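The sequence shown maps to residues 1 to 342 in the working numbering.
We put the CB at the ideal spot given by N, CA and C, even for glycine.
All values reported here derive from a predicted model rather than from experimental measurement.
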Amino acid sequence: MAVATPEQYAAMIDRAKEQAFAFPAINVSSSQTLHAVLQGLTEAGSDGILQVSTGGADYFAGHTTKNRIGGAIAFAKYAEEVAKGYPVTVALHTDHCPKENLEGFLMPLIEASEERVREGGVAYFQSHMWDGSAISLKENLEIASQLLPRMKAIDSILEVEIGVVGGEEDGVSHEINDKLYTTLDDAAAMVDALGLGEQGRYMTALTFGNVHGVYKPGKVELRPSLLKEIQDGLQAKYGTGDKPLDLVFHGGSGSSAEEIAEAVRNGVIKMNIDTDTQYAFTRGALHEMFTGYEGLLKIEGEVGNKKQYDPRAWGKKAEASMAARVVEAAQQLGSAGNSITA
Numbered sequence: 001m002a003v004a005t006p007e008q009y010a011a012m013i014d015r016a017k018e019q020a021f022a023f024p025a026i027n028v029s030s031s032q033t034l035h036a037v038l039q040g041l042t043e044a045g046s047d048g049i050l051q052v053s054t055g056g057a058d059y060f061a062g063h064t065t066k067n068r069i070g071g072a073i074a075f076a077k078y079a080e081e082v083a084k085g086y087p088v089t090v091a092l093h094t095d096h097c098p099k100e101n102l103e104g105f106l107m108p109l110i111e112a113s114e115e116r117v118r119e120g121g122v123a124y125f126q127s128h129m130w131d132g133s134a135i136s137l138k139e140n141l142e143i144a145s146q147l148l149p150r151m152k153a154i155d156s157i158l159e160v161e162i163g164v165v166g167g168e169e170d171g172v173s174h175e176i177n178d179k180l181y182t183t184l185d186d187a188a189a190m191v192d193a194l195g196l197g198e199q200g201r202y203m204t205a206l207t208f209g210n211v212h213g214v215y216k217p218g219k220v221e222l223r224p225s226l227l228k229e230i231q232d233g234l235q236a237k238y239g240t241g242d243k244p245l246d247l248v249f250h251g252g253s254g255s256s257a258e259e260i261a262e263a264v265r266n267g268v269i270k271m272n273i274d275t276d277t278q279y280a281f282t283r284g285a286l287h288e289m290f291t292g293y294e295g296l297l298k299i300e301g302e303v304g305n306k307k308q309y310d311p312r313a314w315g316k317k318a319e320a321s322m323a324a325r326v327v328e329a330a331q332q333l334g335s336a337g338n339s340i341t342a
C-alpha cells in the first residue's frame, strides 16, 4: 500500500476509536528497523505508525554527523518509497520534542513540510509530537496553541502531552512520583486552549502512571481507569459525544494485557512501543552471534563463513525477531486484521 494520506490517517484514527482498538506506533532508527515494522504489520494484517525521535533522526543521518533534520526527512522519504511494497497503510510521526529541541527539530520539519505543500506535495509527516511535559502547563499549552494552526494548514495532526511520563527516553527524563497522573482540570485547560478539533486535530498523551523504559511489576501504579474519568468529565463539561479525546499511551513496557485493554477501551488509539522492539531486534541478532559464532568469527586462523557474517544474514534474523514483537503488539491492541486495505 503506501504512507497514509491525511484523509486516510484521519479515517484510521476514527476507525480505531469507533471499533475500540489502537495502532502500534513503533520507533525506528534505521532502514532495518523500519522494514522490521513493515514486515510485522504485514504479518499481522495491521496498519500502524512509524515514528522517529530526535535520537533516531540523528542516527538516520549518520551517528558521526550533526544533521538531525536531514535524518528525519531521509526517514520520511525512504518510508514513502519502500512502504509501497507492503500491503498495509502507515502514518509517519515524530516522537518526543521538548522545548529545547523545538528550534532544532520540530520547527524546521514543519517549515520543510510547509514548503513541500506550497509546491503541491504533502507534508513529510502526518503527525508531530510537541512534548511540553517538562514546563508549566500554561506554557505547554501556549506553545501548542501556536503549533496547532500551522499543523492544520499542512493537514497534519499535533500530539501533545498533558502530564508527565516517568523514566527516560532520548534525553527526556522525569522522576517517578505523583506527578505521573493527569487531572481533569489539566485536561479541561487543554480543551479550553486547543478546542475539540475545530482549531485543528490533535492527539493527547494523558498520563496515568506511565514510565518510559523497562520496569519491574510494582515499580509504578498504572491507573487506566483515570482515562475514563477524564473522558467522562470532559463529555459532561463540554456536552460532547462519548470519549471526546484521541488518546496516546506512552511508556507501556511492562504493562499487563488487562491494563492495555482497559486503556484502549477508554479511548487510546495509539500506543508507543520502543523499548520492547529494541530488545527484540537485538535479541534476534544476539541469537545468531551466540549460536553461530564459529562461522561469524575468524577463530584460530580460520576464515569464517561469509554467508554467516554477511550483515544481511544475521540482519534478517534481527528484523524477523522485531517483526514478531510488532505482531504481538498489533494482536494485543486489536489492530491485527483491521487494515483499511483489507
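- Going by beta carbons, F75 and V90 fall outside the 7 Å limit.
- The beta carbon of P149 sits closer than 8 Å to those of Q199, G200, all from its chain and outside the five residues before and after it, given in chain order.
- Within the model, the alpha-carbon separation for S339 versus L92 is close to 16 Å.
- Boundaries of the alpha helix (DSSP H) harbouring V326: 311-333, taken from the DSSP string.
- Under the three-state reduction of DSSP, E119 is assigned to coil, being neither helix nor strand.
- Contact between V88 and D155 does not hold, since their C-beta atoms are separated by about 21 Å, which reaches or exceeds 8 Å.
- Runs of beta strand (DSSP E) with 3 or more residues, each lying fully within the stretch 36-85, are found at 48-52, listed in chain order.
- One Cα belongs to T65, the other to L194, and the distance between them is close to 37 Å.
- As a beta-bridge residue in DSSP terms, V268 pairs with L247.
- The beta carbon of A112 is closer than 8 Å to those of I69, I73, Y124 in its chain, skipping five residues each way along the sequence.
- Counting C-beta pairs closer than 8 Å gives three or more between the stretch 120-136 and the stretch 94-110, which meets the contact rule.
- With a cutoff of 7 Å on beta-carbon distance, I162 and M203 are scored as not near each other.
- Secondary structure at H128: strand, using DSSP grouped into helix, strand and coil.
- A11 and I230 have their C-alpha atoms roughly 24 Å apart.
- In chain order, A263, V268, M271 place their CB closer than 6 Å to the CB of F249, counting only its own chain and leaving out the 5 sequence neighbours on each side.
- Burial of S133 is indicated by the presence of at least 16 other C-beta atoms within 10 angstroms of its C-beta.
- Nearest Cα to G251 within the set P244, T291, N210: N210.
- For the pair T275 and S255, the CB atoms are not nearer than the 7 Å cut-off.
- Beta-carbon to beta-carbon, N305 and G295 are separated by about 3 Å, close enough to satisfy the 8 Å threshold.
- For M1, there is no enclosing alpha helix (DSSP H), as DSSP marks it with neither H nor E.
- Scanning its chain for C-beta atoms nearer than 7 Å, with the 5 sequence neighbours on each side dropped, one finds around A187 the residues I162, L206, I230, L234, in chain order.
- Taking C-beta atoms as the reference points, S321 and G292 fail to come closer than 7 Å.
- G56 and N27 have their C-alpha atoms some 8 Å from each other.
- Look at V191 here: in three-state DSSP terms it is helix.
- Contact between A324 and I273 does not hold, since their C-beta atoms are separated by about 13 Å, which reaches or exceeds 8 Å.
- G337 and T5 have their alpha carbons spaced roughly 20 Å apart.
- E319 places its beta carbon less than 7 Å from that of H35.
- In this structure, the alpha-carbon of E115 lies about 18 Å from that of G71.
- Per the DSSP secondary-structure output, N27 pairs in a beta bridge with Q51.
- The residue among A153, M107, K138, G85 with its C-alpha nearest the C-alpha of R118 is A153.
- In its chain, beyond the 5 residues on either side, no residue has a beta carbon closer than 6 Å to the beta carbon of Y238.
- With respect to the 7 Å criterion, P108 and L333 are not classified as neighbours on the basis of their beta carbons.
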